[in-house]
Structures are given as C-alpha cells and as structure tokens.
Amino acid sequence: MTHVRGHYRRNGSYVRPHTRRTTPKTAGTTRVRAHYRSDGTYVRSHQRTVTTSQSTPTGDGDDASLLIAGLIILLILIAAGIIAS
Numbered sequence: 001m002t003h004v005r006g007h008y009r010r011n012g013s014y015v016r017p018h019t020r021r022t023t024p025k026t027a028g029t030t031r032v033r034a035h036y037r038s039d040g041t042y043v044r045s046h047q048r049t050v051t052t053s054q055s056t057p058t059g060d061g062d063d064a065s066l067l068i069a070g071l072i073i074l075l076i077l078i079a080a081g082i083i084a085s
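With the first letter of the sequence shown counted as 1, position 83 gets the number 83 in UniProt numbering; the numbers rise by one all the way through.
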C-alpha cells in the first residue's frame, strides 16, 4: 500500500490524503489476501502468478449470442411457413 498526500488537480479540485494499492512489481502477478478456506484452513496473504487463461474473463457471452441468433432464425422460418410446426 502506498500513501498519497493531499494535492490539487489541474481542474482545481482537492484530493484528500489516502492510501492506494500499489501495482505488482512484475506483470502477471496478483496479491492474494489472507483468508479462510471453506474447510477452515487459514491461508496467509501472498503473491501468485496469473497465467494468460486466468487473466481473461470467461463467459464473454458468445454462446448466449449464438443461441439467441439461432432462436430468432428458427422463429422467422416458422413464421414464414418454411418449417411446419
């Protein structure tokens, strides 16, 4: 954690003194806070490396978009009478 002194921005607004997180020294690492696991084991805070697959969010919605597009096409075909219901 890094302490930031109070200062004025270019637009004249005042920023109060506060503490902010520091960025990891090397890219690809993240800070894990101390916590208890579900089985009661205590885990101390530590740094861990993040692989490329972990750093990208999963479930970006592509599957849902394809499903919705397929349903719309199916409804259009049913409405046009191409597919008998």
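We treat Cβ as the ideally placed atom computed from N, Cα and C, and that holds for glycine.
Only a predicted model underlies this, so the values are computations on that prediction, with no experimental measurement involved.
Excluding sequence positions up to five before and after Val32, its CB lies within less than 7 Å of the CB of Ser45, His46, Arg48, all in the same chain and listed in chain order.
His7 and Arg21 have their C-alpha atoms spaced approximately 18 Å apart. Within the same chain, Cβ atoms closer than 8 Å to the Cβ of Thr2 are found at Thr19, Arg20, Arg21, Thr22, the five residues on either side in sequence being excluded.
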